[in-house]
Structures are given as structure tokens and as C-alpha cells.
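In terms of full-length UniProt numbering, the sequence shown opens at residue 1 and continues consecutively.
Even for Gly, the Cβ is constructed at its ideal location relative to N, Cα and C.
Below is one structure, written out as C-alpha cells; comments come after it.
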Amino acid sequence: MSQIKIEHNPSEERLQELGVSGWAIWEKEVSKFPIDFDETECAYVLDGEILVTPAGGEPVRILPGDLVVFPAGLDSQWEVVKPLRKHYSYDFPDGI
Numbered sequence: 001m002s003q004i005k006i007e008h009n010p011s012e013e014r015l016q017e018l019g020v021s022g023w024a025i026w027e028k029e030v031s032k033f034p035i036d037f038d039e040t041e042c043a044y045v046l047d048g049e050i051l052v053t054p055a056g057g058e059p060v061r062i063l064p065g066d067l068v069v070f071p072a073g074l075d076s077q078w079e080v081v082k083p084l085r086k087h088y089s090y091d092f093p094d095g096i
């Protein structure tokens, strides 16, 4: 199974090309919870900090400015370290 992919600080052109500003926004307070991805989610973190630990894997730190792909089939544990605000989209089933 593929793992989480992170593109740190993508260019403004890249964000515009993907239409990130038109993606929905999700916010979450400091908390811990499991997330199992049934479909591929692409996200762009605006604020906050999260630690995402794939089942059987090492924690991945995700920060503002990160463009992230959570692949379909990923089972993970999330720890929202600082209140999270992110754009997200399910329009890229093969990732970005």
C-alpha cells in the first residue's frame, strides 16, 4: 500500500493549478482519533499541526504549507497537536 505523500511549500502556481482555494475547508480542535481513508484525500494545511501515524508505521508530522496525499486504504491514527484548518479534496483518486 502506498503511504502519505507530502509536498512542502508548493508554489502559488501549483496551488492555483490544483484549484486549492476552491476546495472545502475542515477544522478540528486538539484531539486524537483514528481515520481510515476509503478514498484518496488531497489536503493543503492552512493552520495547525498534526501527527499522522499509519497503521504499523512511523508518525508523520504535517505542518502549515504542506500539500498532502492520504491514499485510499490508509488506516491511521491522528493527533491534532495544534488546532487544524485545512483545504481538502477527493477529486484526485490517483493523488496529485
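- Task: May I ask which residues mark the beginning and end of the alpha helix (DSSP H) holding E13?
- Result: Locating residue 13 in the sequence shown gives position 13, counting from the first residue. Per DSSP, E13 belongs to the alpha helix (DSSP H) from 12-18.
- Item | Cβ pair count under 8 angstroms reaching 3, the stretch 66-78 against the stretch 4-13 | yes
- In chain order, which beta strand (DSSP E) runs of at least 3 residues are fully inside the stretch 41-88? 41-54, 60-62, 66-70
- Distance, I62 Cα to E79 Cα: Here residue 79 corresponds to residue number 79 of the sequence shown, with the count starting at 1. Here residue 62 corresponds to residue number 62 of the sequence shown, with the count starting at 1. Each residue's alpha carbon lies about 10 angstroms from the other.
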